[in-house]
Each structure stands twice: as C-alpha cells, then as structure tokens.
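Peer 1: Before we start, here is the structure in question, set down as structure tokens.
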Amino acid sequence: MTFSHIDQFINDYRNEKNTRKLLPYREETVSHLRELIKSQEEYVGSLGEHKLLKALYEQELERIKYVLTDYLKIRLMKLQKNFYIDSEYLSEYERVFYQKLVDKFKEYDVFVEQKEEYDDYECVGFIALVDIGNIVIDSNRVDVLAGDFFVAQLADVKHLLLDRKIMLV
C-alpha cells in the first residue's frame, strides 16, 4: 500500500496524537507538505473568477494547515510534559525549544536528570497497514495481516510504527 505525502502526514499526525511518547519528527513529509501548501495557495490565488472552485480549494487548504499546526502543537506539548526524550526525534526548532526549556528549569533548580532508562508500559491500539507476518506481542506469537486490529504495549510494536507499517487508533 503506498501513500501520498498528505496521507502519510495524516497517518503521522494520528500516530503522534495517539501516544504519550514523542515519535520521530518526519522532516521530509512536513517540508513536502509545506511546499504543497505554498503551491496550492498560489494556485488558489490564480483562480480569480471561479468563486465556488476557489472556496473549495481554500477550505481544503485550511484543513491541511490546521492538521499541520495541530501536529506541531502536540509535539510541543509532549516536550513540555516529558523531559526525558530522544533528542534524535526532534526537529531543529524543537531542539532549540527543548534546550531553552531545560535551561529554564535548571535555572529554577527544578530539573532532574534522568539517571537510567525506565520501562514504559504504555498500551496502544493499532491497525496493520500492510501484511507484517509473525511478530511477538505480550510474549505471544501473532500473525498480523493488513487491516488487523490489535492492542499491545508500545514497546512491542514501536519498530513497526517507525517503519510506518501500523497506524495507531
């Protein structure tokens, strides 16, 4: 199953929204989406007299911009709530924000360094986007086919999420 950039982004948005953990920032997808928005805005501007068509394009464009903005806000809220994140998952601007946030908390002497990795038992519901085959979920071997729905610990399926083989629900 192949996705357009918008479909991939909507999937990334859903996944980010449906987990407490911060997921990797999808630079390529987000930058392509921004370029697409810019070119569509230029196209809408050139429609001139076609009021109905222009209104439809503007409405769809606003929806896409809303989802992009919400995706970025969700990521910032997660950064504010959880200091112990993988900095590799951050965009360039998120790294700056995160560092300033940490510096501010250190300035007020309320920041505590994470001493060791902790177990996270967050459970998620997911739908397989492709045939995955045999995997281990909760110490049980399960055959996962496209369209199957499961509930599992995020740690058990995170590699599938990062490879875009599943979608969180």
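In numbering that gives the first Met the number 0, the protein residues as written are 0 to 168.
Glycine residues also receive a C-beta, built at the ideal position from the N, C-alpha and C atoms.
From a predicted model like this one, the values you see are computed outputs, not experimental measurements.
#1: To the nearest angstrom, report how far apart His158 and Leu46 are at their CA atoms.
#2: When you compare each of Lys20, Arg19 and Tyr24 to Gln7 by their alpha carbons, which one comes out closest?
#3: Would a C-beta distance cut-off of 9 Å place Ile136 and Asp162 closer than the cut-off?
#4: Entirely within the region 63-149 and at least 4 residues each: give me those alpha helix (DSSP H) ranges in chain order.
#5: At the level of alpha carbons, what is the spacing between Val143 and Asn17?
#6: Residues bridged to Gln58 by DSSP?
#7: How big is the Cα-Cα spacing for Leu52 and Glu61?
#8: Please classify Lys72: is it buried, with 16 or more other beta-carbons within 10 angstroms of its beta-carbon, or exposed?
#9: Per DSSP, which residues does Ala151 bridge with? Please list them.
#10: Just verifying my parser: in three-state terms, what is the DSSP assignment at Leu167?
#11: Hey, out of Ile5, Asp130 and Lys20, whose CA is closest to Leu153's CA?
#12: Can you tell me the Cα-Cα spacing of Val95 and Ser86, whole angstroms?
#13: Rounded to the nearest angstrom, what separates Glu15 and Gln98 at their Cα positions?
#14: Would you mind giving the Cβ-Cβ distance between Leu100 and Leu78, rounded to the nearest angstrom? I have them listed as a contact below 8 Å.
#15: Determine the burial state of Asn10: buried for a count of at least 16 other Cβ atoms within 10 Å of its Cβ, exposed for fewer.
Peer 2: Quick answer:
#1: Counted from its first residue, the sequence shown places residue 158 at position 159. Counted from its first residue, the sequence shown places residue 46 at position 47. Their Cα atoms are separated by approximately 44 Å.
#2: Stepping through the sequence shown from its first residue, residue 7 is reached at position 8. Per the Cα distances, Tyr24.
#3: Your numbering for residue 136 matches position 137 in the sequence shown. Your numbering for residue 162 matches position 163 in the sequence shown. Not in contact: Ile136 and Asp162 (Cβ atoms no closer than 9 Å).
#4: 91-106
#5: In the sequence shown, residue 143 corresponds to position 144, counting from 1. In the sequence shown, residue 17 corresponds to position 18, counting from 1. Going by the C-alpha atoms only, they are around 20 Å apart.
#6: Stepping through the sequence shown from its first residue, residue 58 is reached at position 59. None; Gln58 has no bridge partner.
#7: Mapped onto the sequence shown, residue 52 falls at position 53. Mapped onto the sequence shown, residue 61 falls at position 62. Going from the Cα of Leu52 to the Cα of Glu61 covers about 14 Å.
#8: Walking along the sequence shown from the start, residue 72 turns up at place 73. With fewer than 16 other Cβ atoms within 10 Å, it is exposed.
#9: Residue mapping note: residue 151 aligns to position 152 of the sequence shown, counting from 1. Bridge partners of Ala151: Val123.
#10: Residue numbering aside, residue 167 sits at position 168 when the sequence shown is read from its first letter. Three-state DSSP puts Leu167 in a strand.
#11: To locate residue 153, count along the sequence shown from 1; it is residue 154. For the residues Ile5, Asp130 and Lys20, the minimum Cα distance to Leu153 belongs to Lys20.
#12: Here residue 95 refers to the residue found at position 96 when the sequence shown is read from its first residue. Here residue 86 refers to the residue found at position 87 when the sequence shown is read from its first residue. Rounded to whole angstroms, Val95 to Ser86 spans 11 Å at the Cα level.
#13: Taking the first residue of the sequence shown as 1, we reach residue 15 at position 16. Taking the first residue of the sequence shown as 1, we reach residue 98 at position 99. Taking the straight line from one Cα to the other gives about 21 Å.
#14: Along the sequence shown, one-based indexing puts residue 100 at 101. Along the sequence shown, one-based indexing puts residue 78 at 79. Confirmed, about 7 Å.
#15: Sequence index remark: in the sequence shown, residue 10 carries index 11 (1-based). Counting Cβ neighbours within 10 Å, Asn10 comes out buried, since at least 16 surround it.
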